[in-house]
Structures are given as C-alpha cells and as structure tokens.
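Enquirer: For the sequence shown, the UniProt record's numbering begins at 1 and goes up steadily by one.
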Amino acid sequence: PRDAPKGKPIFEYSDEALQVNILALLRYAGKAACDTVTGGDDLSTSLLQLAGACCREGQLACLFSVSVLAQNEARARTHIMPVFGDICQAAFAHVQAGRSEHDLVSFLELISSLAASLGDELFQSAQLETLLRLCTMALAVAETDILKPVLVFLLKLVMWRSPALTPQLVQEIIQPVLFNFHKWPRILGAQIFKLFSAFIERHEAIFVPLAASPSLPCVAGLSPGERAIAQKAFQGLRGPR
Numbered sequence: 001p002r003d004a005p006k007g008k009p010i011f012e013y014s015d016e017a018l019q020v021n022i023l024a025l026l027r028y029a030g031k032a033a034c035d036t037v038t039g040g041d042d043l044s045t046s047l048l049q050l051a052g053a054c055c056r057e058g059q060l061a062c063l064f065s066v067s068v069l070a071q072n073e074a075r076a077r078t079h080i081m082p083v084f085g086d087i088c089q090a091a092f093a094h095v096q097a098g099r100s101e102h103d104l105v106s107f108l109e110l111i112s113s114l115a116a117s118l119g120d121e122l123f124q125s126a127q128l129e130t131l132l133r134l135c136t137m138a139l140a141v142a143e144t145d146i147l148k149p150v151l152v153f154l155l156k157l158v159m160w161r162s163p164a165l166t167p168q169l170v171q172e173i174i175q176p177v178l179f180n181f182h183k184w185p186r187i188l189g190a191q192i193f194k195l196f197s198a199f200i201e202r203h204e205a206i207f208v209p210l211a212a213s214p215s216l217p218c219v220a221g222l223s224p225g226e227r228a229i230a231q232k233a234f235q236g237l238r239g240p241r
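#1: Count the other CB atoms, across all protein chains shown, that sit within 10 Å of the CB of residue 215; report buried if there are 16 or more and exposed otherwise.
#2: Report the CB separation of residue 30 from residue 66 in whole angstroms; it is logged as a contact under 8 Å.
#3: Can you tell me whether residue 202 is helix, strand or coil according to DSSP?
#4: State the CB to CB distance for the pair residue 114 and residue 70, rounded to an integer number of angstroms; the pair is presumed to be in contact (CB under 8 Å).
#5: Report the start-end ranges of each alpha helix (DSSP H) in the stretch 11-67 that is 4 residues or longer and not cut off at the edges.
#6: Rounded to the nearest angstrom, how far is the Cβ of residue 60 from that of residue 47, given a contact under 8 Å?
#7: What residue range does the alpha helix (DSSP H) around residue 145 cover?
#8: Can you tell me whether residue 227 is helix, strand or coil according to DSSP?
#9: Contact check, residue 172 vs residue 132 under 8 Å by CB: the rounded distance?
#10: Rounded to the nearest angstrom, what separates residue 247 and residue 58 at their Cα positions?
#11: From what residue to what residue does the alpha helix (DSSP H) around residue 94 run?
Here's what the structure looks like:
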C-alpha cells in the first residue's frame, strides 16, 4: 500500500484502507520474525496467536503474515506446524460455509510457502487430505491469485519421492488439473507448463491415458479428426530420460 498522507487522522480512512495497511504491517512483522534472532521467537508466537484468534472468528486474512513466516524453515517447523491442523480446519470451515474463494488466498499462500520450506514434512502431515480437497476446489476458480500458490504447492507435491504418493493420489491430483486448466489465465502458462512437465517426468503412465481421455473438456470440444491427432500426440509423449 502507498504511504498515508501526513497528518491525516486515522478515523478518516475507510475500513478497507485500514485493513490493507494493517495486513501490510503484519507482513513486515512476519519478515522481521524470520530475519531476527533476538526476539524472533516471541514475535513469531504473537503472530500465530493473532492468526489463531482471527481464524477462530472465520477471518483468514492474518494468514498472510504467517505465510511470510513460513518461508523460514525453523519458524515453520517450530511455530506453524504445531497449530497447522487448526488452521486447516478453519480454512475448510470457511469453504463449507460457502464463503468467497478469494478469502482463501492467504491460506493458499501459506501452504505454498510451507511446501517450499518444509517439503516432505508438510506432505507427511495428517492434513494432506484436507489440503488436496481445498486445492481441488481452488483449481476450478479461474483467478490468478488463487491458482498461482496452488500450482506451486502441487508442483512440489508431485515431485515428492515417497511411497505415500500412491497412484490413486497422483490421479486425484492430475484429474482436476486436466479438467480445468483450459479455463485458467494465460499469464499462468509457465507454471502450467512446469506442472505438466512434472506429471510427464514422474507420473507418465498415469498422466498420458488421462490426458488423452475423450471425457476431458479440452478434448471433447475438438472435431473427430482433431481429437484423433491430439490423442495420438498425447500417447506419444514421453518424460525426460
């Protein structure tokens, strides 16, 4: 946000302007907690307490500051993961209540940061099923702010080398991507390309048959001749060797 005009009383600002500036200050606090040794633990604890109180009231915006904190591996492990289950419950309750998907952006930014900083530790958590359900719902929304962190999270997940990433789980990730990607903003083309490349590289045997399925909107809309060409092209795909 821009700097406020000097000398303007706080009560002259709109509620929205105040919220924007407060969230910006909380982001700065999150960055300070990551970068500061002395006092960093106390500041991290305070940010999580505030975010927890807001989540209990159905307000997820404070998670933006937690997503900044999550970029620090030590802070993520020590301060965020012990309460991550409660945060996930708040996000899922938000969706069940039929509230706006845009309010989930702060939560999606958080899981994107955690995937980058903790990786396997996040994917091995008991919250993975909930995370996938929320991501699947988010994939149906053609909004860049919502999709971008989801694509980062899914890319990290499909590159995870673990027996826990079962073929069934991989299929549950790939299918909603294939059913929705044709509606996504073109500005996400690079992220989509990286995700599809990861599908082919790590999960070729699962991805190729799904990508060639005539039930997909991007395939069903083609003429019979175009569909045959597309299916042949998909069947000829091979991941890096």
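All C-beta atoms, glycine included, are put in the ideal place defined by N, C-alpha and C.
Expert: Reading it off the structure:
#1: Classification of residue 215: exposed, given that the 10 Å Cβ count is below 16.
#2: Between the beta-carbon of residue 30 and that of residue 66 there is about 7 Å, and that keeps the pair under the 8 Å contact cut.
#3: Residue 202 falls in the helix class under three-state DSSP.
#4: Yes, residue 114 and residue 70 are in contact; Cβ-Cβ is about 5 Å, under 8 Å.
#5: Those alpha helix (DSSP H) runs which fall completely within the stretch 11-67 and span 4+ residues are 15-35, 40-56.
#6: The beta carbons of residue 60 and residue 47 sit about 14 Å from each other, so the pair does not count as a contact at 8 Å.
#7: Its alpha helix (DSSP H) spans residues 144-158.
#8: Of the three classes helix, strand and coil, the one that applies to residue 227 here is helix, per DSSP.
#9: Contact holds; Cβ gap of about 7 Å.
#10: Look at the range of the chain in this structure, 1 to 241, and you will see that residue 247 is not part of it.
#11: Where residue 94 is concerned, the enclosing alpha helix (DSSP H) stretches over 84-96.
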